[in-house]
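Have a look at the structure below before the remarks.
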Amino acid sequence: MNKNFIFPKNFWWGSATSGPQSEGSFNKKHKSIFDYWYEIEPEVFFNKVGPEVTSNFYNSYKEDLAMLKEIGLNSFRTSIQWTRLIKNLETGEADEDAIEFYNNVIDETIKNGIIPVINLHHFDLPVELYDKYGGWESKHVVDLFVKFAETAFKLFADRVKYWTTFNEPIVIVEGQYLYQFHYPKVVNGKKAMQVLYNVNLASSKVVKVFKSRGYDKDGGQIGTILNLTPSYPRDINNTEDVEAARIADTFFNESFLSPAVKGEFPKLLIEILEKEGVIWQSTEEELNIIKENTIDFLGVNYYFPRRVKAKETTCNSKEWMPDKYFDNYEMPGRRMNPYRGWEIYPKAIYDIAINIRDNYNNIPWFISENGMGVEGEERYINTEGIVEDDYRIDFFKEHLENLHKGIEEGANCFGYHTWTPIDCWSWCNAYKNRYGFIALDLETQKKTIKKSGRWIKEVTEKNGF
Ligand code: BG6
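This is the structure in structure tokens:
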């Protein structure tokens, strides 16, 4: 017998994108690190497609939001770009055109009966702040980010009730300072750990401003978005594998989860960094800010698990790297999304739900991204011009079933957002893999609802499936 999966009342059914991946860089006053990277190395980006136009949301937000309504979404996350909103990066003064644009987007979202969830940083550091101060290595940049956040709250918090500080902050550390997949592609473990600390501090300082200025009155809430990749040991009966997984977890999950929810860094992380001589510079005052300004709610991006085994190889890097403590493990027979190269493992959503319930105060949280990027979706277009993406529907169902089980067992999850409403620009992968409920024809900018878009409408109407 088929089971029905009905979700709690007022469940968020929605989808997420970000400013730099959907708006296009029309009328922006500053360049982000991605705008700049594309300028100097366009060949790094799939088919040399850059961030100038992306999905044209800057010009087509009205039509796009109407389509989100048409597929039944009740909530939508995007981000305000620092490089668009802020005219003067030192003072935090806003740009008039950007104020008008974001006001329009927010008003139009609400007019369509959709809850706006606004994020403040989605990998899009203004490149000037890297050139001048070393970006997130600098505590001055932390304070400039706080000014930007304050400007955003002043302008939009009367209507936006759900704010998030960062999207996947660990990716800044990994991409920019360890594994070279984001500009400036530095490899420096010590700097990486300072950045990890500074970004945590920036998030807590923004939470502090939000609360101390009273934006939490009248239903305002602030959270952060973390990509949780639970670490599974190769062999649960091998203590060295289990220890390697525990350390990977502390670096890649708990390093942001613990400060955000509990106000402190994991002891194991501090122990290792002290032993290795790569601990960050902090002050008592800053640590108190982190202690006292924890989040109201958490967003969890989940795509794939991490599989880990005890260290077998020698680390070739001259730099200190977290990888000194574990090796990544390619589990034989793992189920893959071959286009993105990510393992598909829906049960991890259940494990995340139970972990938050048992170890993170059962804080209110939602799945803020989950999705399947597929290359060459034109293959699946039927005679009526619709992409028949049954594989995506199956992917969502499997993940939702696991989420449902977690909720039945007491997880405090209030929503599920997919990545992404309309096919959008995927950083270096540009438009290689498509994730949307709505297909984008890059040449004409025509947008067409896929089969999964019709499916999600039914799900939101029934509050389940
Ligand atoms: C998340 C990010 O990591 O995954 C998004 O928050 C990103 O910005 C999404 O686009 C999908 O990953 P990718 O690399 O395929 O675009």
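Mapping of the sequence shown onto the numbering used here: residues -5 to 459, in sequence order.
Where a beta carbon is used, it is the ideal one built from N, C-alpha and C, also for glycine.
Review point. Which residue comes first and which comes last in the alpha helix (DSSP H) that contains ASN282?
Key: The sequence position of residue 282 within the sequence shown is 288, counting from 1. 278 to 286 is the extent of the alpha helix (DSSP H) around ASN282.
**Study point:** Contained alpha helix (DSSP H) runs [length at least 4] in the region 75 to 108, N- to C-terminal order
**Key:** 76 to 79, 90 to 105
Practice item. Label ALA405 either buried or exposed according to how many other C-beta atoms from any shown protein chain fall within 10 Å of its C-beta, with 16 as the threshold for buried. Key: Against the sequence shown, residue 405 aligns to sequence position 411. Counting Cβ neighbours within 10 Å, ALA405 comes out buried, since at least 16 surround it.
Review point. Using the beta-carbon count (16 or more within 10 Å), is ARG329 buried or exposed?
Key: The count along the sequence shown starts at 1 and reaches residue 329 at position 335. By the 10 Å Cβ count, ARG329 comes out exposed.
Practice item. Could you name the residues of the same chain whose beta carbon sits closer than 8 Å to that of TRP302, not counting the 5 residues immediately before and after it, in chain order? Key: Position 308 of the sequence shown holds residue 302. Correcting the residue identity first, residue 302 is Val in this sequence and not Trp. So the list reads SER225, TYR226, PRO227, ARG228, ASP235, ALA238, ALA239, ALA242, PHE320, ASP321, ASN322, TYR323, once near-sequence residues are dropped.
Point to revise | Residue range of the alpha helix (DSSP H) that includes LYS451 | key: Walking along the sequence shown from the start, residue 451 turns up at place 457. First-last of the alpha helix (DSSP H) with LYS451: 445 to 456.
Point to revise | Beta-carbon spacing of ALA254, PHE204 below 9 Å | key: Counting from 1 along the sequence shown, the entry for residue 254 is found at position 260. Counting from 1 along the sequence shown, the entry for residue 204 is found at position 210. Cβ distance not < 9 Å, so ALA254 and PHE204 don't count as in contact.
Check your understanding: Span of the alpha helix (DSSP H) holding ILE27?
Key -> Mapped onto the sequence shown, residue 27 falls at position 33. Looking at the DSSP string, the run of the alpha helix (DSSP H) that includes ILE27 is 27 to 34.
Check your understanding: Comparing the CB of THR414 with every heavy atom of the ligand BG6, is any distance shorter than 8 Å?
Key -> Position 420 of the sequence shown holds residue 414. Because some heavy atom of the ligand BG6 lies under 8 Å away, the Cβ of THR414 counts as near it: yes.
Review point. Does any heavy atom of the ligand BG6 sit closer than 8 Å to the C-beta of PHE117?
Key: The sequence position of residue 117 within the sequence shown is 123, counting from 1. It does: the Cβ of PHE117 is within 8 Å (strictly closer) of some heavy atom of the ligand BG6.
Exercise for review: Output the boundary residues of the alpha helix (DSSP H) element that contains PRO163.
Suggested key: Locating residue 163 in the sequence shown gives position 169, where the first residue counts as 1. Where PRO163 is concerned, the enclosing alpha helix (DSSP H) stretches over 163 to 171.
Check your understanding: Hey, would you say ILE109 sits closer than 9 Å to TRP31, going by beta carbons?
Key -> In the sequence shown, the residue the question calls residue 109 occupies position 115. In the sequence shown, the residue the question calls residue 31 occupies position 37. Not closer than 9 Å, so no.
Check your understanding: So, do the region 127 to 139 and the region 88 to 100 have three or more beta carbon pairs nearer to each other than 8 Å?
Key -> no
Practice item. Please report how far the alpha carbon of GLU403 lies from the alpha carbon of TRP157, in whole angstroms. Key: In the sequence shown, counting from the first residue as 1, residue 403 sits at position 409. In the sequence shown, counting from the first residue as 1, residue 157 sits at position 163. Computed Cα separation, rounded: 28 Å.
Check your understanding: With burial defined as no fewer than 16 other Cβ atoms inside 10 Å of the residue's Cβ, what is the status of TYR385: buried or exposed?
Key -> In the sequence shown, the residue the question calls residue 385 occupies position 391. By the 10 Å Cβ count, TYR385 comes out exposed.
Exercise for review: Rounded to whole angstroms, what's the CA-CA distance from THR454 to LEU67? Just pull it up for me.
Suggested key: By 1-based counting over the sequence shown, the position of residue 454 is 460. By 1-based counting over the sequence shown, the position of residue 67 is 73. Spanning the two alpha carbons is a distance of roughly 7 Å.
Practice item. For ASP345, I'd like the list of residues in its chain whose CB is within less than 6 Å of its CB, leaving aside the five on either flank, ordered along the chain. Key: Looking up residue 345 in the sequence shown gives position 351. Closer than 6 Å at Cβ, skipping near neighbours: PRO224.
Check your understanding: If you pair each beta-carbon of the region 336 to 351 with each one of the region 207 to 216, do three or more pairs fall below 8 Å?
Key -> no
Review point. Just to confirm, does TYR297 get its C-beta within under 8 Å of one of the non-hydrogen atoms of the ligand BG6?
Key: Translated into the one-based positions of the sequence shown, residue 297 becomes position 303. Yes; taking the cut-off as 8 Å, the Cβ of TYR297 has a heavy atom of the ligand BG6 nearer than that.
Review point. For GLN15, is the beta carbon positioned less than 8 Å from some heavy atom of the ligand BG6?
Key: For this step, residue 15 is matched to residue 21 along the sequence shown. Yes.
Exercise for review: Indicate, with yes or no, if the ligand BG6 has a heavy atom lying under 8 Å from the CB of VAL165.
Suggested key: The residue you call residue 165 lines up with position 171 of the sequence shown. Yes, the beta carbon of VAL165 sits closer than 8 Å to at least one heavy atom of the ligand BG6.
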